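Enquirer: First the structure, then my questions, so here it is.
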Amino acid sequence: VYIVYMGKKIVEDHELVTKSHHETLASVLGSEDLAKGAILYSYRHGFSGFAADMNPKHAKALSKMPGVVSVFRSKKVKLHTTHSWDFLGLDVMKPKGILQESGFGVDVIVGVVDSGVWPEAESFNDKSMPAVPTRWKGICQIGENFTASNCNRKLIGARYFDQSVDPSVEDYRSPRDKNSHGTHTSSTAVGRLVYGASDDEFGSGIARGGAPMARLAMYKFYEESSSLEADIISAIDYAIYDGVDILSISAGMENTYDYNTDGIAIAAFHAVQNGILVVASGGNSGPYPSTIINTAPWILSVGASTIDRGFHAKIVLPDNATSCQVCKMAHRTGSEVGLHRIASGEDGLNGTTLRGKYVLCFASSAELPVDMDAIEKAGATGIIITDTVTDHMRSKPDRSCLSSSFELAYLNCRSSTIYIHPPETVTGIGPAPAVATFSARGPNPISPDILKPDIIAPGVDIIAAIPPKNHSSSSAKSFGAMSGTSMSCPHVSGVAALLKSLHPDWSPSAIKSAIMTTAWNMDNTRDIITDSFTLSYSNPFGYGAGHINPTKAADPGLVYVTTPQDYALFCCSLGSICKIEHSKCSSQTLAATELNYPSITISNLVGAKTVRRVVTNVGTPCSSYRAIVEEPHSVRVTVKPDILHFNSSVTKLSYEITFEAARIVRSVGHYAFGSITWSDGVHYVRSPISVQVNDFIRA
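Per the numbering used here: the sequence shown ends with 684, consecutive numbering throughout.
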């Protein structure tokens, strides 16, 4: 978009001024109809001018016309780098809110089990922070390029676990981060405010974590370790000793089919026993079912979602006849902006037929071309990848750019010479959030009667601190964008830190319940959250209880409290696949459906089944809550009682919910979804329901 400034108005008639703008632009575009379609704004009150969509050739022509004072490109308003927090409603500029009421997470200690930390990053500065809490028992472990002085009142502890790392592995033998992952996740969770942050000028603005005044303790593991799981167990063990309040783990083991062989689940259980909430990423093996990891009910398992921000380039033909928006460029350097040839449908992968051309590829994030080297060897300048295919592009069914003849829908255009605009940061995109394609899905492969993931949070194109490219310790402002459930996990950890600061007496399960029962299940278009892969509605196996809503989580009204003893009894009910605390098993057990969990899942409904839940009032002492039920398809739901009355002496109440299969045969063997919401008119305490009917009531 260019702004054409024409100085002072010559006439007062607004319509005549606008007409003159149309005529001016039409003189370079070729018709008044094209001009009317291109003009976004006609400035006709305080001065004369207009804003219009055009390419640089037209802008240059306009700048030479009589009556035109200047022509310049419209610049974007500065946006926040960690825009995900704004998307979640956490505004640092507001006088009131969960951030302000929690003191920005002051003195809550978040332990991060990850690849290390870059201590010089500005996100970890300790300016104006109070003294380290006296309860802290951790250390700042000295190692390669890391001394005790690298810790401060923000980064209060750091350890590394390298007992099984081969000497040939090129990484710091210290808590210092080399591969960026740990620095990124840490700053996402608890990073301080950093002005002027960007990822190569994308998303330029203020970087910040969810709980900027919380403390950070890093527990570094090495991905190349020959016994990585053992290292992580040791890290969690030390974190328990050191006194962390929240543990954030953006890692996990795939293909684990019982809790006995899941080291993170075992260590996390003991962390919860010690009052530590454990938040872990759900894995990036989506969109396939039953790929979710870190599924133990005592872990808060996080899936990934999109946000309403994207880094988009625009491709325009010189004659303005056709344009193709929402394109992601594989290469984003400024040298590639300008006029280029685009590969035609007859171009193949032989010889140098693609020399000097860009290949336009239609692909989702799950099906990006793997053989980009072949395209490069054919002489292509670069690859433009778009995950959006509009109707006029659908000339061929094959969306891949690796077919033998490059069936490009752009052949419908009259010219194969394109102009690539510099990519820009765009917000307000919808629908958002959506479940990210890569985010691992349920059902829970170990305990199908426990819904996983529990929650989703922003995990696509998240900008946060990373080590500088040359690993120069003098550089404090280095940021980059990453995607994965590894990025969504620290968003939840940051919110948990705020809740812990606001409600220091809440147990891990109470914090978990508050986050789950207040989650959004709608997007910014006021529709059900969609699946980025299928482009249709998602369900609780994709988004769990929904998308995290920090403001509502601060005041949930009711919570579902689950004790470590409950988890132990649950393990007893599983027998051989869960031997945590197994020595304490007796005749008493607690089935997964009976665990006081904030969601309800029945994987094998035959006839009818009744489950019991207990809610604790953490809101207004004297209040009444009424049940609102959304029945799963083909399932009758009955709640007794359907009204709960609390007062100053009655803070806990139970209810029973009965599920009965209806007489609709087509529902057998498939999951159906619904919810139960308890509301007092102010709070809405929502639990998702997932039921698989395997029999039905016969007449």
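No residue lacks a Cβ here, since even glycine has one placed at the ideal position from N, Cα and C.
What you are looking at is a predicted structure, and each value in this text was computed from that prediction instead of being measured.
(1) Considering only the alpha carbon of each residue, which of T132, Q85, P433 and P438 lies closest to G271?
(2) Could you please give me the residues that DSSP links to L201 through a beta bridge?
(3) On the CB-based measure, 16 or more other CB atoms within 10 Å of its CB, does T119 come out buried or exposed?
(4) CB R611 to CB S639, shorter than 8 Å?
(5) Where does the unbroken alpha helix (DSSP H) through L232 begin, and where does it stop?
(6) Roughly how many whole angstroms lie between the Cα atoms of G248 and S664?
(7) Per DSSP, what are the beta-bridge partners of H476 in this structure?
(8) As an exercise, report each continuous alpha helix (DSSP H) stretch of at least 4 residues that is fully enclosed by the segment 214 to 288, in chain order.
(9) If you draw a straight line from the alpha carbon of Y180 to that of S572, how long is it in whole angstroms?
(10) Taking the runs of the alpha helix (DSSP H) that are 4 residues or longer, which of them lie wholly in the segment 514 to 563?
(11) Kindly provide the ranges of any alpha helix (DSSP H) runs that are 4 or more residues long and lie completely inside the segment 440 to 465, ordered along the chain.
(12) Rounded to the nearest angstrom, what separates A365 and D358 at their Cα positions?
(13) Would E615 be called buried (16 or more neighbouring beta carbons within 10 Å of its own) or exposed?
(14) Of the residues G469, I440 and A481, which one's Cα is nearest the Cα of P197?
(15) Going by the DSSP bridge assignment, what does W505 pair with across the sheet?
(16) In the segment 130 to 184, which residue ranges form an unbroken alpha helix (DSSP H) of at least 4 residues, counting only runs that do not cross its ends?
(17) Which word fits Q677, buried or exposed, when buried means at least 16 other C-beta atoms lie within 10 angstroms of its C-beta?
(18) Can you tell me which of G167, G176 and L178 puts its alpha carbon nearest to the alpha carbon of I234?
(19) Could you tell me the distance, in whole angstroms, from the CA atom of P475 to the CA atom of H(-1)?
(20) Here's the rule I'm using: 16 or more other beta-carbon atoms within 10 Å means buried, otherwise exposed. How should P606 be labelled?
(21) Would K625 be called buried (16 or more neighbouring beta carbons within 10 Å of its own) or exposed?
(22) Between the Cα of D551 and the Cα atoms of S172, W283, G(-8) and S48, which residue gives the shortest distance?
(23) Would you check if there are 3 or more beta carbon pairs closer than 8 Å linking the segment 242 to 260 to the segment 194 to 208?
(24) Sort G195, L580 and K163 by Cα distance to R177 and report the nearest one.
(25) Quick check: what's the CA-CA separation for D508 versus A419?
(26) Can the beta-carbon of S517 be found closer than 8 Å to that of T291?
(27) Less than 8 Å between C-beta atoms, sequence neighbours within five positions excluded: which residues of the same chain meet that for S633?
(28) Are the segment 220 to 233 and the segment 249 to 256 in contact at 8 Å, needing three or more beta carbon pairs?
(29) Can you grab the Cα-Cα spacing for the pair G123 / A143, in whole Å?
(30) Specify whether the segment 494 to 510 and the segment 529 to 537 touch according to this definition: at least 3 beta carbon pairs, one from each stretch, less than 8 Å apart.
(31) Just the C-alpha distance for S432 and T280, rounded to the nearest angstrom, thanks.
(32) Considering only the alpha carbon of each residue, which of A530, I565 and K497 lies closest to V544?
(33) Using the three-state DSSP reduction, which class does P303 fall into: helix, strand or coil?
(34) Indicate the three-state DSSP secondary structure (helix, strand or coil) for F32 in the structure shown.
(35) Between which two residues does the alpha helix (DSSP H) harbouring G22 extend?
(36) Please report the straight-line C-alpha distance between D293 and D71, rounded to a whole angstrom.
Expert: Quick answer:
(1) Checked all of T132, Q85, P433 and P438; the closest Cα to G271 is P438.
(2) Paired residues: V95 and L140.
(3) By the C-beta density criterion, T119 is exposed, having fewer than 16 other C-beta atoms within 10 angstroms.
(4) Contact: no.
(5) Per DSSP, L232 belongs to no alpha helix (DSSP H); it is in the beta strand (DSSP E), I231 to I234.
(6) Roughly 39 Å separates the two Cα atoms.
(7) Bridge partners of H476: none, in fact.
(8) If one requires a minimum length of 4 residues, the alpha helix (DSSP H) runs lying completely within the segment 214 to 288 are 248 to 258, in chain order.
(9) Going from the Cα of Y180 to the Cα of S572 covers about 59 Å.
(10) Here the runs fully enclosed are 525 to 528, 535 to 538 and 549 to 559.
(11) Within the segment 440 to 465, no complete alpha helix (DSSP H) run reaches 4 residues.
(12) The alpha-carbon atoms of A365 and D358 are separated by roughly 10 Å.
(13) Exposed is the label assigned to E615, since fewer than 16 other Cβ atoms lie within 10 Å of its Cβ.
(14) That would be A481, whose Cα lies nearest to the Cα of P197.
(15) DSSP lists H532 as partners of W505.
(16) Entirely contained in the segment 130 to 184, the alpha helix (DSSP H) runs reaching 4 residues are, in chain order, 166 to 175.
(17) When all chains shown are included, Q677 counts as buried.
(18) Taking each of G167, G176 and L178 in turn and checking the Cα distance to I234, the smallest one comes out for G167.
(19) One C-alpha to the other measures close to 53 Å.
(20) So P606 ends up on the exposed side.
(21) Exposed is the call here.
(22) The option with the nearest alpha carbon to D551 is W283.
(23) The segment 242 to 260 vs the segment 194 to 208: no contact.
(24) R177 has its Cα closest to that of G195, out of G195, L580 and K163.
(25) Those two C-alpha atoms are separated by around 7 Å.
(26) In contact: S517 and T291 (Cβ atoms closer than 8 Å).
(27) Spatial neighbours of S633 in its own chain (CB-CB distance under 8 Å, excluding positions within 5 residues in sequence) are listed in chain order as P606 and C607.
(28) The segment 220 to 233 is in contact with the segment 249 to 256.
(29) For G123 and A143, the distance between alpha carbons rounds to 8 Å.
(30) Under the three-pair Cβ rule at 8 Å, the segment 494 to 510 counts as touching the segment 529 to 537.
(31) Cα-Cα distance, rounded: 8 Å.
(32) Considering only alpha carbons, the answer is K497.
(33) Only weak support exists for where P303 lies, its pLDDT of 48 falling under 50; the coordinates are left without a value.
(34) Looking at F32 - three-state DSSP - the assignment turns out to be coil, as it is neither helix nor strand.
(35) Per DSSP, G22 belongs to the alpha helix (DSSP H) from E17 to A23.
(36) Here the C-alpha atom of D293 lies approximately 10 Å from the C-alpha atom of D71.
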